[in-house]
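One structure is given below, encoded as structure tokens.
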Amino acid sequence: MSEDAALGRRGEDVAHRYLQKKGLRVVARNYKPGSDSEIDIIARQGDLIIFVEVKSRSTLEFGSPDRAIDSEKQKHIVRAARAYVNRAGIEWNQVRFDTISVVFTDPPSIFHQQDVFFAGRAIPSAD
Numbered sequence: 002m003s004e005d006a007a008l009g010r011r012g013e014d015v016a017h018r019y020l021q022k023k024g025l026r027v028v029a030r031n032y033k034p035g036s037d038s039e040i041d042i043i044a045r046q047g048d049l050i051i052f053v054e055v056k057s058r059s060t061l062e063f064g065s066p067d068r069a070i071d072s073e074k075q076k077h078i079v080r081a082a083r084a085y086v087n088r089a090g091i092e093w094n095q096v097r098f099d100t101i102s103v104v105f106t107d108p109p110s111i112f113h114q115q116d117v118f119f120a121g122r123a124i125p126s127a128d
């Protein structure tokens, strides 16, 4: 595994634990319905399904990690999310897209942004 891949895996592990501490139930990791799309973490909060893109960096030297999520990456994430909801029979208005940026300072810095792709569209959770 490359150094970048190992850093990404560590970031996903940190994000997974963070979401669990926030009361979300992680239902899948690295969901890959096709060759060109993947979702790092799929979590559930009440009736809401949350698709999470995790970006990790060792420092902030090149800016916040979530800046690496461009419109092309967003299209791939949405494509994978549509495949998941179609397969699971979930309504599209019950999904949300979040990002988690992890910077490996000491201790690691975690920045969670909610509802980043289609702000205000998802049904709020009953929790």
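Using this note's numbering, the letters of the sequence shown map in sequence onto residues 2 to 128. The beta carbon of each residue, even a glycine, is placed where N, CA and C say it ideally should be.
query, result
"Through-space distance from residue 77 to residue 37, alpha-carbon basis", "7 angstroms"
"In DSSP terms, what residue 113 is bridged to", "101"
"Three-state secondary structure (DSSP) of residue 35", "strand"
"Three-pair Cβ contact test at 8 angstroms for the stretch 81-98 versus the stretch 56-65", "no"
"Contact under 7 angstroms by Cβ, residue 45 with residue 28", "yes"
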